[in-house]
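Participant:
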Amino acid sequence: MKFEKKHAALLMGVALWNVWTWGTFIKNLSAAYERGEQHPTGYWVAHTILIIVNFIIAGVLGALGWKAWRSADRDA
Numbered sequence: 110m111k112f113e114k115k116h117a118a119l120l121m122g123v124a125l126w127n128v129w130t131w132g133t134f135i136k137n138l139s140a141a142y143e144r145g146e147q148h149p150t151g152y153w154v155a156h157t158i159l160i161i162v163n164f165i166i167a168g169v170l171g172a173l174g175w176k177a178w179r180s181a182d183r184d185a
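Next comes the structure, spelled out in structure tokens:
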């Protein structure tokens with residue numbers, strides 16, 4: 110499959126959306142921690158792992174999107 114600019118834009122858009130939504134989640138999670146909400150340690154660990162994995166996914170999607178965008182520019 111050959112990526113076109115529309116595919117690249119979609120990949121980068123999904124990556125940005127992922128970063129924005131999980132960034133908001135980090136803000137809300139840290140606010141809950143600062144308020145002293147009582148949760149088991151597993152809750153904080155699980156959510157931290159989810160955040161890290163989703164930022165890695167966003168990085169991969171963003172890199173693929175950027176590479177596809179540059180490739181589409183070269184082929185045009």
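Residues in the sequence shown are numbered consecutively from 110, following our numbering.
The beta-carbon is built from N, C-alpha and C at its ideal position, and this holds for glycine as well.
(1) VAL128 and PHE164 - do their beta-carbons sit closer together than 8 Å?
(2) Assuming contact is defined by CB atoms lying nearer than 8 Å, are GLY168 and LEU120 in contact in what I supplied?
(3) Taking the straight line between their C-alpha atoms, what separation do you get for VAL162 and ALA155?
(4) Per DSSP, what kind of secondary structure is MET121 in: helix, strand or coil?
(5) Alpha carbon to alpha carbon, how far is LYS115 from LEU138?
(6) Would TRP131 and ILE160 qualify as a contact pair, given that the criterion is a beta-carbon distance under 8 Å?
(7) What first and last residue would you give for the alpha helix (DSSP H) that runs through ARG179?
Facilitator: Checking against the coordinates, here is how it stands:
(1) yes
(2) no
(3) 11 Å
(4) helix
(5) 34 Å
(6) yes
(7) 150-184
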